[in-house]
Amino acid sequence: MSGVLQSALESRIDAGGKCLVPYITGGFPGWVDAVRACAAHGADAIEIGIPFSDPVMDGPVIQQASQAALDAGATPVSILQEVRTLDVGVPLVVMCYYNTVFHAGHERFAADLAAAGVSGAIIPDLPLEEAGDWAVAADSAGVETVMLAAPTAPDERLPRVAARARGFVYSVGLLGVTGERDSLADTATALAARVKRVTEMPVLVGVGVSNAAQAVEASKVADGVIMGAAVVRRLIEGGADAVGSFVGEVRAALDESSR
Amino acid sequence: MSILVTPSSDGRFGEFGGRFVPETLVPACQELEAAFHDAWSDSSFREELHQVLREYAGRPSMLTECYNLSEQLGIRLVLKREDLNHTGSHKINNVIGQTLLAKRMGKKRIVAETGAGQHGVASATAAALMGLECKVYMGAVDVSRQELNVFRMRLLGSDVEAVTSGSQTLKDAVNEAMRDWVATVESTHYCLGSVMGPHPYPYMVRQFHRVIGEEASQQCDDLLGSHPDFVVACVGGGSNAMGIFSGFVDTPARLIGVEPAGGAAVGRGQPGVVHGMKSYLMQDEYGQVQEAHSISAGLDYPGVGPEHSYLASIGRAEYPTVTDDEVIEAFQVMSRTEGIIPALECAHAMAWIIRESPKMQGKTVLMNLSGRGDKDVGQMMGILGGLK
Numbered sequence: 001m002s003g004v005l006q007s008a009l010e011s012r013i014d015a016g017g018k019c020l021v022p023y024i025t026g027g028f029p030g031w032v033d034a035v036r037a038c039a040a041h042g043a044d045a046i047e048i049g050i051p052f053s054d055p056v057m058d059g060p061v062i063q064q065a066s067q068a069a070l071d072a073g074a075t076p077v078s079i080l081q082e083v084r085t086l087d088v089g090v091p092l093v094v095m096c097y098y099n100t101v102f103h104a105g106h107e108r109f110a111a112d113l114a115a116a117g118v119s120g121a122i123i124p125d126l127p128l129e130e131a132g133d134w135a136v137a138a139d140s141a142g143v144e145t146v147m148l149a150a151p152t153a154p155d156e157r158l159p160r161v162a163a164r165a166r167g168f169v170y171s172v173g174l175l176g177v178t179g180e181r182d183s184l185a186d187t188a189t190a191l192a193a194r195v196k197r198v199t200e201m202p203v204l205v206g207v208g209v210s211n212a213a214q215a216v217e218a219s220k221v222a223d224g225v226i227m228g229a230a231v232v233r234r235l236i237e238g239g240a241d242a243v244g245s246f247v248g249e250v251r252a253a254l255d256e257s258s259r
Numbered sequence: 001m002s003i004l005v006t007p008s009s010d011g012r013f014g015e016f017g018g019r020f021v022p023e024t025l026v027p028a029c030q031e032l033e034a035a036f037h038d039a040w041s042d043s044s045f046r047e048e049l050h051q052v053l054r055e056y057a058g059r060p061s062m063l064t065e066c067y068n069l070s071e072q073l074g075i076r077l078v079l080k081r082e083d084l085n086h087t088g089s090h091k092i093n094n095v096i097g098q099t100l101l102a103k104r105m106g107k108k109r110i111v112a113e114t115g116a117g118q119h120g121v122a123s124a125t126a127a128a129l130m131g132l133e134c135k136v137y138m139g140a141v142d143v144s145r146q147e148l149n150v151f152r153m154r155l156l157g158s159d160v161e162a163v164t165s166g167s168q169t170l171k172d173a174v175n176e177a178m179r180d181w182v183a184t185v186e187s188t189h190y191c192l193g194s195v196m197g198p199h200p201y202p203y204m205v206r207q208f209h210r211v212i213g214e215e216a217s218q219q220c221d222d223l224l225g226s227h228p229d230f231v232v233a234c235v236g237g238g239s240n241a242m243g244i245f246s247g248f249v250d251t252p253a254r255l256i257g258v259e260p261a262g263g264a265a266v267g268r269g270q271p272g273v274v275h276g277m278k279s280y281l282m283q284d285e286y287g288q289v290q291e292a293h294s295i296s297a298g299l300d301y302p303g304v305g306p307e308h309s310y311l312a313s314i315g316r317a318e319y320p321t322v323t324d325d326e327v328i329e330a331f332q333v334m335s336r337t338e339g340i341i342p343a344l345e346c347a348h349a350m351a352w353i354i355r356e357s358p359k360m361q362g363k364t365v366l367m368n369l370s371g372r373g374d375k376d377v378g379q380m381m382g383i384l385g386g387l388k
């Protein structure tokens, strides 16, 4: 039985489309409007980052946004309180580092997410072997835990990662941290193809998907893309309006390519 | 049964440790674990390691009896002289081990983080010796307070990058080294500098430093006729302490790991997860990692190696703190009284011994002098002004 997140993505895919999941740093000034703008311009789900003091998977742009959010006083609690008031009509997925979860306690954090109306969670420093206790708590709270598949994973590992994934499988686009790149890495489509072979779940490419053309390229193999730094840079530079027009531009390009 | 833990495949010391890293790094950690296991049980690897430590690093390091301080403090104080190793600290034991292992794994490049610069200098040295490319990440704050070590690393042919994110100290250098490793994992070995990080690092680095405790155990038997009453070492991540503790953990000796008051992970922290491990961690009510504040760049770290958390949790080792002022005093006392300028890190251990000596009258105390203070004299000149 698929959850809210997976169902939303599958309805796009079943209609012949490609999924678009933008990322917004929670707590960054103007972030709530940016989430609304994403929803209004065709996002299928929205990833909301809970800023952490030591974001090892993130490059300079998301680091900067996270620090600004922390400096503005953002906490996991304050962000989830605002999320609770959002009614944007698409599933919300929280991205946070594991200490935020561990510190709150697995059951409590899962319950807090569910109570805030969050459908899914992505925890980039919680690999398969360590995910067990959290995954059980998340499953029982109805929170879909997205698992990441990495280009370095041997073939035997991918089916196990996919089997533990809920919502979708996050196919990591390159060796490296989040951030924009001039071109889509070859590993992006290569890994997405490998993951597609071992799962029926939606497979989305994230990390290093930087513009509409790269989103289209990745989506030739994958079911869609997650876009982080490219969106957050626009949030930093131009606020919610800039985010909205960028998301709309990528949406149009994906729709055009899958027509 | 020994208290010294050999972690199982989940990398746990009791409830601590583990492998909390991005998926991208999981295969690399598994590969490293297998390669280390293979090398450690290979007598030719152990022989080569032993030979380099002997002929290049200057092992075994000696034990020095401190007659002057012993008389002054009413204890019998002996020092394990890791400060006399090549590059001036215990760090060389681990980097010789890891660079030999990196070559065995076919890696061409290493990355390292450094706080005070001792691990960075040791890594740069071993990389020069072994013909490996080396990049060292160092917090921008530490770059300015340890400029001599920065120059040393560059002289040795390494690339040093000042890290300007976060608190710009050791924890941020670790973040940046991990980010580098995520991007370069196929060609690069992360030469982590302490008994921390994801499995197998805490275990592997402790094994590479066990030589300190093994030598000291034999030397104490020869000199004292027994184990000492106290074994004292400073703790940041905790590698020099784990090295010397490992030789005495199964004796009745009291094990004392001295933390800076501004970086007391065990003393003031609670279990948390950062840098790949579950361990005691200084954090706020939401789990944000707090910044440590210590006079000593090498101890300016809000976490601690997981085996220390385990030893603390079972009550086998104690983790008191000392203040910067006590450290500054101990730094001068040791210099004047014994003619040994200690690293500021080790001055923490000395400061605890001076403070607690009234309660240890007549006892034997082994202190790990894990590094020499040459690197700190510039900073101390600034603090003390011109001494008359």
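So the protein lines, in turn, are chains A and B. The opening position of the first sequence corresponds to residue 1 in UniProt numbering, with each subsequent residue numbered one higher. The opening position of the second sequence corresponds to residue 1 in UniProt numbering, with each subsequent residue numbered one higher. Where a beta carbon is used, it is the ideal one built from N, C-alpha and C, also for glycine.
With fewer than 16 other beta carbons inside 10 angstroms of its own, K108/B counts as exposed.
Judged by DSSP in its simplified three-state form, S217/B adopts helix.
Per DSSP, F20/B is one residue of the beta strand (DSSP E) stretching across F16 to F20. With contacts defined by Cβ atoms closer than 8 Å, H199/B and C29/B form a contacting pair. Chain-ordered, the chain A residues with CB closer than 8 Å to the CB of K171/B read D54. The continuous stretches of beta strand (DSSP E) do not include V235/B, and DSSP gives it neither H nor E. Contact with chain A is absent for N240/B, since none of that chain's Cβ atoms lies less than 8 Å from the residue's Cβ. Residues of chain B with a Cβ closer than 8 Å to the Cβ of A153/A are, in chain order, E23, V26 and P27. Against chain A, the beta carbon of M138/B has no neighbour under 9 Å; the closest one sits roughly 17 Å away. Less than 8 Å divides the Cβ of A212/A from the Cβ of A253/A. In the three-state DSSP reduction, G373/B falls in the helix class (H, G or I). Of all residues in the segment 113–137 of chain A, the ones placed with a Cβ closer than 8 Å to any Cβ belonging to chain B are P124, D125, L126, P127, L128, E129 and E130, in chain order. For P7/B, there is no enclosing alpha helix (DSSP H), since its DSSP letter is neither H nor E.
In the structure shown, L20/A falls within a strand segment according to DSSP collapsed to helix, strand and coil.
Among the CB atoms of chain A, none fall inside 8 Å of the CB of G298/B.
With contacts defined by Cβ atoms closer than 8 Å, A110/A and A131/A do not form a contacting pair.
For L9/A, the number of other beta carbons within 10 angstroms of its own is at least 16, and it is reported as buried.
Going by beta carbons, G173/A and A188/A fall inside the 8 Å limit.
The three-state reading of DSSP puts A149/A in strand, counting E and B together. Under the Cβ distance rule, G131/B does not count among the residues neighbouring chain A, no pair being separated by less than 8 Å. Taking a C-beta distance under 8 Å as the contact criterion, G243/B and G213/B qualify as a contact pair.
For L79/B, the closest C-alpha among the options Q379/B, R372/B and A297/B is that of R372/B. DSSP, read as helix, strand or coil, puts V136/B in strand.
Within the DSSP secondary-structure output, A162/B pairs in a beta bridge with M138/B. Straight through space, the alpha carbons of V232/A and F331/B are spaced by roughly 48 Å. About 17 Å separates the beta carbons of V205/A and A183/B, which is beyond the 8 Å limit, so they are not a contact pair. The beta-carbon of G30/A is placed no less than 8 Å from the nearest beta-carbon of chain B.
For A317/B, the three-state secondary structure derived from DSSP is strand. Taking 8 Å as the CB threshold, M178/B lines the interface with chain A.
Under the three-state reduction of DSSP output, N85/B falls in the coil class, being neither helix nor strand.
Within the segment 237–270 of chain B, the runs of alpha helix (DSSP H) that reach at least 4 residues and sit entirely inside it are, in chain order, 239–245 and 265–268.
If you look at M130/B, you'll find it isn't in any beta strand (DSSP E); it sits in the alpha helix (DSSP H) that goes Q118 to M130. One Cα belongs to H90/B, the other to G378/B, and the distance between them is close to 21 Å.
Annotation: Q214/A has no Cβ neighbours in chain B at a cutoff of 8 Å; minimum Cβ distance is about 18 Å.
Within its own chain, the residues whose Cβ lies closer than 7 Å to the Cβ of I354/B, once the five positions on either side in sequence are excluded, are L73, A330 and V333, listed in chain order. Taking all protein chains shown into account, R154/B has fewer than 16 neighbouring C-beta atoms within 10 Å of its C-beta and is therefore exposed.
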